[in-house]
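**Q**
2 protein chains.
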Amino acid sequence: MKRTHHCGQLTKTDLGASVSLAGWVDSIRDHGGILFIDLRDRKGITQVKFDPQDDAALGEAAAQLKPESVIAVSGTVALRPEGTANASLPTGEIEVNATALEVLNRSEPPPFPLDDAGGDKVSEDLRLSYRYLDLRRPKMRRNLEVRHRATKAIRDYFDSQEFIEVETPALFKSTPEGAREYLVPSRIHPGQFYALSQSPQQFKQILMVAGVEKYFQIARCFRDEDLRADRQMEFTQVDVEASFVTREDIYALFEGMLKKVWRDVLGTDIPTPFPRLPFADAMNRYGSDKPDTRFALELVDFTELFKTSSFKVFASTAASGGAIKAINVKGLADLTQGELKALEDAAKALGAKGLAFIKVEGGEWKSPIVKFFSEAEKAELSARLSLEEGDIVFFAAAEWERACAILGRVRLDAAQLLVKRGKLALRDDDWKFLWVVDFPLMSYDEERGGYAATHHPFTAPVPEDASLLVSDPKAVRGQHYDIVLNGVELGGGSIRIHQPALQKQVFEDVLKIPADVVESRFGYMLRAFTFGAPPHGGIAFGLDRIVALLCGTQSIRDVIAFPKTQRGQDLMAQSPTPVTPKQLKELHIATAVPVENG
Amino acid sequence: MKRTHHCGQLTKTDLGASVSLAGWVDSIRDHGGILFIDLRDRKGITQVKFDPQDDAALGEAAAQLKPESVIAVSGTVALRPEGTANASLPTGEIEVNATALEVLNRSEPPPFPLDDAGGDKVSEDLRLSYRYLDLRRPKMRRNLEVRHRATKAIRDYFDSQEFIEVETPALFKSTPEGAREYLVPSRIHPGQFYALSQSPQQFKQILMVAGVEKYFQIARCFRDEDLRADRQMEFTQVDVEASFVTREDIYALFEGMLKKVWRDVLGTDIPTPFPRLPFADAMNRYGSDKPDTRFALELVDFTELFKTSSFKVFASTAASGGAIKAINVKGLADLTQGELKALEDAAKALGAKGLAFIKVEGGEWKSPIVKFFSEAEKAELSARLSLEEGDIVFFAAAEWERACAILGRVRLDAAQLLVKRGKLALRDDDWKFLWVVDFPLMSYDEERGGYAATHHPFTAPVPEDASLLVSDPKAVRGQHYDIVLNGVELGGGSIRIHQPALQKQVFEDVLKIPADVVESRFGYMLRAFTFGAPPHGGIAFGLDRIVALLCGTQSIRDVIAFPKTQRGQDLMAQSPTPVTPKQLKELHIATAVPVENG
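Chains G and S, in that order, are what the protein sequence lines are. One point on numbering: in the working numbering, the residue at position 435 of the first sequence is 422, and numbering is uninterrupted. One point on numbering: in the working numbering, the residue at position 103 of the second sequence is 90, and numbering is uninterrupted.
1) Quick check on the burial criterion: 16 or more other C-beta atoms within 10 angstroms. Buried or exposed for residue 585 (chain G)?
2) Does any CB atom of chain G fall closer than 9 Å to the CB of residue 564 (chain S)?
3) Hey, is residue 388 (chain G)'s beta-carbon within less than 9 Å of any beta-carbon in chain S?
4) For residue 629 (chain G), which of helix, strand or coil comes out of DSSP?
5) At a Cβ threshold of 9 Å, is residue 120 (chain G) touching chain S?
6) Taking beta-carbon pairs under 8 Å, can you tell me which members of the region 127 to 154 of chain S lie near chain G?
7) Is the Cβ-Cβ distance between residue 642 (chain G) and residue 566 (chain S) less than 9 Å?
8) DSSP beta-bridge partners for residue 273 (chain S)?
9) To which residues does DSSP link residue 18 (chain G) through a beta bridge?
10) If you reduce the DSSP assignment to three classes, tell me which class residue 446 (chain S) lands in.
11) Can you give me the C-alpha to C-alpha distance between residue 497 (chain S) and residue 482 (chain S), rounded to a whole angstrom?
12) When you compare each of S:136, S:213, S:336 to residue 538 (chain S) by their alpha carbons, which one comes out closest?
13) With a cut-off of 9 Å, does the C-beta of residue 28 (chain S) fall near any C-beta of chain G?
14) Hey, does residue 582 (chain S) have any beta-carbon neighbour from chain G nearer than 9 Å?
15) Measure the beta-carbon distance from residue 196 (chain G) to residue 515 (chain G) and round it to whole angstroms, keeping in mind my assumption that it falls under 8 Å.
16) Cα-Cα, which of S:121, S:115, S:35, S:116 is closest to residue 104 (chain S)?
17) Determine the DSSP secondary structure at residue 556 (chain G), reduced to helix, strand or coil.
18) I'd like the span of the alpha helix (DSSP H) that includes residue 527 (chain G), first residue to last.
19) Please say whether residue 229 (chain S) and residue 425 (chain S) have beta carbons closer to each other than 9 Å?
20) Measure from the C-beta of residue 6 (chain G) to each C-beta in chain S and report whether the shortest distance is under 9 Å.
21) Of all Cβ atoms in chain S, is any one closer than 9 Å to the Cβ of residue 485 (chain G)?
22) Which bits of chain G does residue 560 (chain S) rub up against, with CB to CB less than 8 Å?
23) What residues of chain S sit near residue 194 (chain G), judged by a beta carbon separation below 8 Å?
24) On the criterion of 16 or more Cβ atoms from any shown chain inside 10 Å, does residue 94 (chain S) qualify as buried, or is it exposed?
25) Beta-carbon of residue 163 (chain S) versus every beta-carbon of chain G: anything under 9 Å?
26) In terms of alpha-carbon separation, which member of G:388, G:447, G:130 lies closest to residue 253 (chain G)?
27) Mind listing the chain S neighbours of residue 175 (chain G)? Cutoff is C-beta to C-beta under 7 Å, in chain order.
28) Quick check on this structure: which residue in S:563, S:573, S:569 has the alpha carbon closest to the alpha carbon of residue 574 (chain G)?
29) Take residue 138 (chain S) as the anchor and find which of S:155, S:127, S:206 has the nearest alpha-carbon.
30) What in chain G is Cβ-close to residue 536 (chain S), meaning under 8 Å?
31) How is residue 116 (chain G) classed by DSSP in three states: helix, strand or coil?
32) Compare the C-beta of residue 167 (chain S) against all C-beta atoms of chain G and say whether one is closer than 9 Å.
33) Could you check which residue in G:430, G:557, G:527, G:184 has the C-alpha nearest to that of residue 238 (chain G)?
34) Just to confirm my understanding: we take residue 614 (chain S), look at its own chain, exclude 5 residues before and 5 after, and list those with CB closer than 6 Å. What are they?
35) Return the chain-ordered ranges of every alpha helix (DSSP H) run that is complete within the region 466 to 536 of chain G and spans a minimum of 4 residues.
36) So what's residue 0 (chain S) in DSSP terms, helix, strand or just coil?
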């Protein structure tokens, strides 16, 4: 019985046709002895009618069917009786009067409901253990399709821009100073290891040296990080590099790509170019280097005002180079003690000692600290924060970046409280893209007592700042850019250093990596750069994250067919596992714990 | 100085235009003090003229340039003087009179010539050590582009057929009974390991259970095999699976795909459908399950004839169930003693005791064995082999498959000898595709004393043979198919078993895998199949191999940007390497050899 149509296809134009369908039994209804089966395949649902008055044996066979069994049916397309059409289905006006049935496979009762609502209620572990059932849910099936369409749109776009996709190795070299890597023991070279590639960064720069000029790749990457809600051991990165380009070229290239993806997948036109925000402004205004700009709630700086204040806490912070920041959350003066406590805890987690505030209620400023403020201070606060009845202002006084980050956290959490009250609308499909630029090239690592690259050591300095590279690394801005959407960092990149002498200086004189380590880790790159490396730059971003946003889900696990748990386990196939002593011996390794199941 | 054109773009229609180009110095020629620089980028070459009479300082700067340095130049497009045009270049009628030069990076002298001919002469190790220079060679750059175009064509094709690309994990579960795998120790689960996926086989079958129906993926796969000339540790597989399909559907799908790839990449129309050859016929006629059908030279069977022969060697082989095969290599009677010896050695390597032959020279049969043949035997040999002056016939007498394989090897080697003599033409672009079908489902493993799956244990039997599965496994044909091109196996696949009981029977009753091992390795698949697995089948083939054929190269290393050597080494970045004791400790493993460089 060969399929003639799929289950989303038949309509009134097919009345009377003899058809064969195949798929899964979605549901079975018995109306006075007549059975109606909703037959489902990837394209849709068609109602199939088994009338025992037409064919008793067939009716009996159909009566044995259970949901999720796989069947093929033949029959004739007929109009549904008046009043029984289902306007929500493309096939809702017709049904197929079955004349033959083949049971291709039976199904045990599924351990959880396979509709969207029912499946959402069960534990994720159960869904992951039976992923093949979870993926039958309409929502999950749609997520896989969106991922395919987004990936296709990205590839079509780069192809149209004359980029070529080049595959780079997953089995790479260990570089232990970066993020934690997965190691792969070599059988041929005893005691030696490959590392699974964390990103094609080095290979793509080498491809620029090779003269490829326009490279992209949708690449699997691996990082042995502690797995948070939004991380996976392996993830997919859209990776791009181009030669003879400026930051402007990369901005335009990526805006074009995102425009195409949003149009192809969602039918939405996103306006370009995207706004650009220097890192310092992003921190000052939003307290974050990945601000959600769907709402204002901006931070206001009062460092100058409080430098001479009699409120010692603020004055001493301001005097010692710190910052005093405030944020007016309009209309949140009614927050509960519990909500206030939660905001305070969040602030403390970022290093705040507490969370000073002023509420405006009944025309009065209610606050534990307002008594320390002068009239002039109060007037300036009131004016610059546009204080009104029902507002609540929070303060942070700390080292500048920390003060910003504390109120950045408060800003996001307070916004959620406003959403809960119906005082703020945050729509998933209000797409607010922006570029964050002019990051510092280097950050001072207090613990280690030295500079570390803010992003990575290959980032080129902004030309105007390059002369300060050795004398004042912290003052140097990098040619780095992040792309941010609704508070989520989608990716980032930079114009790279292409001069071997400058790259060596960054490694040795700024980052203070010993020369022999530079040679063993990056020697081949420095050598490559002496053979005519062109100026180049690029970008990388997480495909999983983009697809999650397109699907309107918070978890990248919902857009990965077979994700691991946060403990790195595949609950369906059951891995990792112990291995046999023979396998270990061949690889010249031993476990440092007992092998349980050799 | 911003690029206005690429180096393959400017022609007579641009005369007088002010342009800026950027790229690599391909060559420098000095004609009476005037310098001509061929400037190269990914798109082509443009001649740039530096005349010291126009600008002495500029001429001096240009005179400092060395090949492979990276420069940007501005200038005016001018006609080349009459008689100096280069018809082989799209830009060959013009040159750019330079007015400005910026040196973006200098280059050391490359360690080998970067033209195709020069680069082909140096050792592959040197090319791999400086892969960024090797990839600048026109041939290698073209290979990367062909790979991109072929991959794009494949993806566009499957998308047009409504297949969706689904990514499956690289970090999978160890299944030690298959090919040797790469293991990845878990940091979170001490003593436990992931294995790098050898193919998405299990995941793609699970996706069919999930109702995806039409899946494809261009997937990285990993196998720790002994690396032969045409193998890599990691390789790229085009992987496909579909539900509710027959073998015919898969044949048509793949013929369509290959047609598109050959048309998009080479502009060649390959005729479809492809011929189909049962495995037994392939062995009987060509002595190979991946026959090169660009030439005939078919094997002829004489088992019946020699059953009653007085030539004991043949008679006893025939009587004991073996086969007597012969091949007439027309026009090779003039082969040298050395060539004959080489053919004999190749036959012996496959288990032949020797290589009996008959030459027809000067009207006579010259042969050490012809004296044992009767007149009737000679007459039948002569007639069925169409023996003529200058021919040479080789014989094999052995167990059937071995006799076929021996003459299959002789056939290929003898064909090369004919090519050398100009008596046979074998063109790389004479594309002879075919399907080889009806393989035995199981092979008897003499050493282990049991049956093994000829391809893999998920292959469904041909329905007519299914009843013999347990009683006579060797008689059962599988629904497997291989696709072969010019003697190269491109890939293969099968219709799979979708009935959980049958799959269990294959594991336990035919392959005799202990039930607990079946449970730990494949239990989750058997369980998945109880929840409504649809009938399904698919195929997988090596992308690297296809691209190598499209590029006309013998080595897949020429179509992989950064291949490893046959010892599994990355000669450019230098891996594998020893790792630090800290890394090993975190992963709960120890090396079983001294760590050299911890």
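Cβ atoms here follow ideal geometry from the backbone N, Cα and C, with glycine treated the same way.
**A** This is what the structure holds:
1) The predicted model places residue 585 (chain G) with a pLDDT of 43, which falls under 50 and marks its position as unreliable; any figure quoted below should be read in that light. Exposed is the call here.
2) Residue contact check for residue 564 (chain S) against chain G: a CB pair falls below 9 Å.
3) For residue 388 (chain G), the answer is no, since every Cβ of chain S falls outside 9 Å of its Cβ.
4) This structure does not reach residue 629 (chain G), given that chain G is present from -12 up to 585, and the question cannot be answered.
5) Taking Cβ atoms only, chain S reaches closer than 9 Å to residue 120 (chain G), which makes this a yes.
6) Using a CB distance below 8 Å, the part of the region 127 to 154 of chain S facing chain G consists of 128, 131, 132, 134, 135, 138, 139, 142, 146, 151, 152, 153, 154, ordered along the chain.
7) Residue 642 (chain G) lies beyond the stretch modelled for chain G, which goes from -12 to 585, so this question has no answer here.
8) Beta-bridge annotation (DSSP): residue 273 (chain S) is not paired with any residue.
9) Beta bridge pairing from DSSP links residue 18 (chain G) with G:21.
10) Judged by DSSP in its simplified three-state form, residue 446 (chain S) adopts strand.
11) Residue 497 (chain S) and residue 482 (chain S) have their alpha carbons spaced roughly 18 Å apart.
12) It is S:136.
13) Yes, contact with chain G.
14) Low per-residue confidence applies at residue 582 (chain S): pLDDT is 47, beneath 50, and the placement is therefore not dependable, though the value from the model is reported in the following sentence. True, the Cβ-Cβ gap to chain G drops below 9 Å.
15) 5 Å between Cβ atoms; contact.
16) Per the Cα distances, S:121.
17) Here residue 556 (chain G) sits in coil by DSSP.
18) Counting along the chain, no alpha helix (DSSP H) covers residue 527 (chain G); the unbroken beta strand (DSSP E) around it starts and ends at 523 to 529.
19) At least 9 Å separates the beta-carbon of residue 425 (chain S) from that of residue 229 (chain S).
20) No, its Cβ sits nowhere closer than 9 Å to a Cβ of chain S.
21) Interface residue, yes.
22) Chain G residues near residue 560 (chain S): 159, 160, 189, 511.
23) Listed along chain S, the residues sitting closer than 8 Å to residue 194 (chain G) by beta-carbon distance are 119, 122, 548.
24) Counting every other CB atom within 10 Å of its CB across the protein chains shown gives residue 94 (chain S) a total of 16 or more, marking it as buried.
25) Yes, residue 163 (chain S) counts as interfacial toward chain G.
26) Cα-wise, what sits closest to residue 253 (chain G) is G:130.
27) Going along chain S in sequence order, the residues near residue 175 (chain G) (Cβ under 7 Å) are 554, 555.
28) If we check each option's Cα against that of residue 574 (chain G), S:563 comes out closest.
29) Out of S:155, S:127, S:206, S:206 has the C-alpha closest to the C-alpha of residue 138 (chain S).
30) None at all; the shortest Cβ gap to chain G is about 18 Å.
31) Residue state for residue 116 (chain G) is assigned as helix, using DSSP reduced to three classes.
32) Output row for residue 167 (chain S): interface = yes.
33) Out of G:430, G:557, G:527, G:184, the CA that lies nearest to the CA of residue 238 (chain G) is found in G:527.
34) Outside the displayed span of chain S (-12 to 585) sits residue 614 (chain S), for which this structure offers no information.
35) Within the region 466 to 536 of chain G, the complete alpha helix (DSSP H) runs of at least 4 residues are 487 to 492, 502 to 516.
36) In the three-state reduction of the DSSP assignment, residue 0 (chain S) falls in the helix class.
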